[in-house]
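What follows is a single structure, written as structure tokens, with notes after it.
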Amino acid sequence: MAIAAPKSSSADTAFSLFWRRFRKHRLAVASLVFIGLLILMAVFAPFIAPYSPTAQPTGGDLASKYFQGPNREHWLGTDDLGRDVLSRIIYGARVSLLVGFMAAISGVLLGTILGTLAGYFSGRPFRFYLGPLNRREGGWQPPLFAAWRVASWVLFYGLLLGAAQLVWTLGGDDIRAVLGGDRSFANLLSLVTSSLAWAAISWAAVWGLTGSFRLDLDVLISRVIDFMLTIPELPLLLVLSALLRDPGASVGQWIQGVFGESTSVFIIISILVLFGWTGSARLVRGAILSLREQEFTTAAQALGASEARVMFRHLVPNTIAPIIVNVTLGVGGAIVTEAALSFLGFGIQPPVATWGNMLTNAQEYIFSAPWLALAPGFMIFLTVLAFNYLGDGLRDALDPRSRL
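Heads up, the sequence shown stops at 547 in our numbering, and the numbers go up one at a time, no gaps.
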């Protein structure tokens with residue numbers, strides 16, 4: 144007698160199992176509800192906020208409308224310009240969440256792509272250039288290719304030589320003065336530097352015909368990550384933010400011409416993405432290095448699947464759990480970084496309301512008007528804490544080894 148196979152129920156689906164495990168993490172569920180309410184508040188800010196975030200009082204006794212404490216008309220009081228703090232908190236959620244989500248998602252996407260390439264092609268260097276006369280590597284490339292390669296290297300070193308000669312021409316007198324006016328020694332030094340430059344050009348021409356060049360993507364991306372991690376992030380963020388916002392610089396003029404009033408928001412998101420992809424890249428690279436040795440990867444390759452399909456159809460979906468957790472944690476980190484830059488005056492500029500720039504002047508009135516600092520600071524604290532708890536809940540729910 145044949146035994147009928149049990150019917151699959153919705154309770155056995157992957158999402159049902161995930162949700163069942165996620166609900167056991169009460170702090171994560173509460174955080175998800177809080178974040179959902181926060182997103183709704185940001186979306187419907189024009190309908191919820193009692194006042195405009197930039198509206199200032201007019202007429203009457205203006206002095207009495209500044210630094211008002213919490214009252215019936217202004218539940219969280221007013222600031223030094225008479226603007227409603229509650230309305231600025233509600234509108235500030237828009238910008239803070241936008242910066243957090245855009246920076247985190249963009250950084251994770253970039254890190255996932257680079258980490259996947261680094262992990263999958265680790266130990267498999269690409270042959271980007273092969274000298275046309277390199278017989279050991281199967282050379283004898285077409286003559287036009289050989290001419291272009293030699294010319295490119297000669298031009299490169301020629302530019303270096305021209306730069307050295309220009310520096311010598313412009314600063315030759317200063318160099319001779321440092322050498323004590325010894326013209327013969329200065330001429331000898333000029334001859335030596337010129338000889339070295341021409342020797343480098345000659346070597347480049349020979350290497351362009353006979354040399355070969357390979358590049359391991361894993362080595363390249365890993366070294367870039369190591370370099371990025373050695374940079375002191377906050378000072379460089381301040382410098383880049385000031386440079387990109389400078390209307391006297393060509394880059395600043397171009398950005399302001401394209402993005403207009405949203406220039407500071409675009410700059411902050413771009414800077415956070417520039418420095419926020421390294422953690423995701425290292426995480427994904429380590430996972431891909433392990434997954435590419437599994438049997439299902441070998442089977443997909445044996446069936447003729449392309450490398451792109453193997454990477455992004457079979458390997459990346461198996462790293463989705465740590466990627467999702469990294470996104471949630473990245474949102475909180477981006478919000479804190481934006482708040483710090485705005486607090487220092489290098490982030491999003493007024494009159495755009497963000498929780499960070501609301502704290503800029505609040506420190507001056509911390510004792511006379513404490514509500515100016517407590518309201519935005521409390522919102523930053525709760526939001527970052529909620530994203531961290533949500534990340535912990537997602538990690539435990541997506542990890543099959545968890546005891547939830």
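Just so you know, even glycine gets a beta-carbon here, dropped at the ideal spot from N, CA and C. Please read all numbers here as calculations on a predicted model, not as lab measurements.
Q: Would you check if the distance between the CB atom of I178 and the CB atom of A464 is smaller than 7 Å?
A: For I178 and A464, no; Cβs fall outside 7 Å.
**Q.** Alpha-carbon spacing of L616 relative to G225, whole angstroms
**A.** Here the chain has residues from 144 to 547 only, and residue 616 is not among them.
Q) Looking only at C-alpha atoms, which of V228, A261 and P200 sits nearest to T421? A) Sorting V228, A261 and P200 by C-alpha distance to the C-alpha of T421 places A261 at the top.
(Q) Tell me which residue opens and which closes the alpha helix (DSSP H) that V453 is part of. (A) Per DSSP, V453 belongs to no alpha helix (DSSP H) and is neither H nor E.
Q) With a cut-off of 8 Å, do at least 3 Cβ pairs link the region 234 to 242 to the region 482 to 496? A) For the pair of segments examined, the region 234 to 242 was found to touch the region 482 to 496: the number of CB pairs separated by less than 8 Å reaches three.
Q: Could you say if the region 533 to 543 and the region 465 to 474 meet the contact criterion of at least three C-beta pairs nearer than 8 Å?
A: Two segments are said to touch when three or more pairs of C-beta atoms, one from each, lie closer than 8 Å; by this definition the region 533 to 543 touches the region 465 to 474.
(Q) Only counting the same chain, and skipping five residues up and downstream in sequence, which positions put a Cβ closer than 7 Å to that of V453? (A) Result list for V453: T440, A443 and Q444, in chain order.
**Q.** Which listed residue (S174, L181, G212 and L219) has its alpha carbon closest to that of P196
**A.** Residue L219 is the option with its Cα nearest to P196.
Q: In angstroms with no decimal places, state the Cα-to-Cα distance between D359 and V382.
A: If you take the alpha carbons of D359 and V382, they lie about 32 Å apart.
Q.
Quick check on R357: does DSSP put it in helix, strand or coil?
A. Under the three-state reduction of DSSP, R357 is assigned to strand.
Q | Spatial distance of F264 from D361 (CA atoms) | A | Distance between the alpha carbons of F264 and D361: 7 Å.
Q. Cβ of V427 within 7 Å of Cβ of T462?
A. Yes. Within cutoff.
Q. Are I491 and S413 close, meaning C-beta to C-beta below 7 Å?
A. Going by C-beta atoms, I491 is not nearer than 7 Å to S413.
Q.
If you measure between the beta carbons of I478 and S174, is that distance less than 7 Å?
A. The answer is no: Cβ separation not under 7 Å.
Q: Could you check what DSSP says for A145 in three-state terms: helix, strand or coil?
A: Any reading at A145 is ruled out, since the residue's pLDDT is 49, under 50, leaving its predicted position unreliable.
Q. Nearest-angstrom Cα distance between R538 and R164?
A. In this model, R538 and R164 are separated by some 10 Å (Cα to Cα).
Q) Are the CB atoms of G520 and V416 nearer to each other than 7 Å? A) No. Outside cutoff.
Q. Quick one: what's got a C-beta closer than 6 Å to M371's C-beta in the same chain, skipping five residues either side?
A. Within the same chain, M371 has close Cβ partners T421.
(Q) Restricting to Cα atoms, I'd like to know which of L386, Y209, A430 and D223 is closest to I410. (A) The shortest Cα separation from I410 among L386, Y209, A430 and D223 belongs to L386.
Q | Three-state class that DSSP yields for T201 in the structure shown | A | Coil, per DSSP.
Q) V228: which of V242, Q211, G243 and S384 sits nearest, CA to CA? A) In terms of CA proximity to V228, Q211 leads the group V242, Q211, G243 and S384.
Q: Report the partner residues of D227 according to the DSSP bridge assignment.
A: Per the DSSP secondary-structure output, D227 pairs in a beta bridge with T221.
**Q.** Rounded straight-line distance, which links the Cα of L181 to that of Y194
**A.** In a straight line, the C-alpha of Y194 is about 18 Å away from that of L181.
**Q.** Buried versus exposed, by CB contacts within 10 Å (16 or more), V186
**A.** Exposed is the call here.
**Q.** Residue range of the alpha helix (DSSP H) that includes N500
**A.** It spans W498 to M501 - the alpha helix (DSSP H) in which N500 sits, taken as one unbroken run.
Q: Measure the Cβ-Cβ separation of N500 and S485 and say whether it is below 7 Å.
A: The answer is yes: Cβ separation under 7 Å.
**Q.** DSSP three-state assignment for W420, whether helix, strand or coil
**A.** The three-state secondary structure of W420, taken from DSSP, is coil.
Q: Kindly indicate which residue of I191, T201, R215 and T259 has the alpha-carbon position closest to the one of R435.
A: Cα-wise, what sits closest to R435 is T259.
**Q.** C-alpha distance - W514 paired with E507, whole-angstrom precision
**A.** Using only the alpha carbons, I get a separation of about 12 Å.
Q. Beta-carbon separation of S423 and T221 under 7 Å?
A. Going by C-beta atoms, S423 is not nearer than 7 Å to T221.
(Q) Using C-beta distances below 7 Å, list every residue in its chain close to S153, excluding the 5 sequence neighbours before and after it, in chain order. (A) Because S153 sits at a pLDDT of 45, beneath the cut-off of 50, its placement in the model cannot be relied upon, and the point is left open.
Q | Neighbour-count burial assignment, I364, 16 or more Cβ in a 10 Å radius | A | Result: buried.
Q: Give the DSSP-derived three-state secondary structure of L487 in the structure shown.
A: The answer is coil: DSSP assigns L487 none of H, G, I, E or B.
**Q.** Helix, strand or coil at L380 [DSSP, three-state]
**A.** Looking at L380 - three-state DSSP - the assignment turns out to be helix.
Q | L446 in three-state terms, based on DSSP | A | Residue state, collapsed to three classes: coil.
Q. In this structure, does DSSP put V427 in helix, strand or coil?
A. It is helical.
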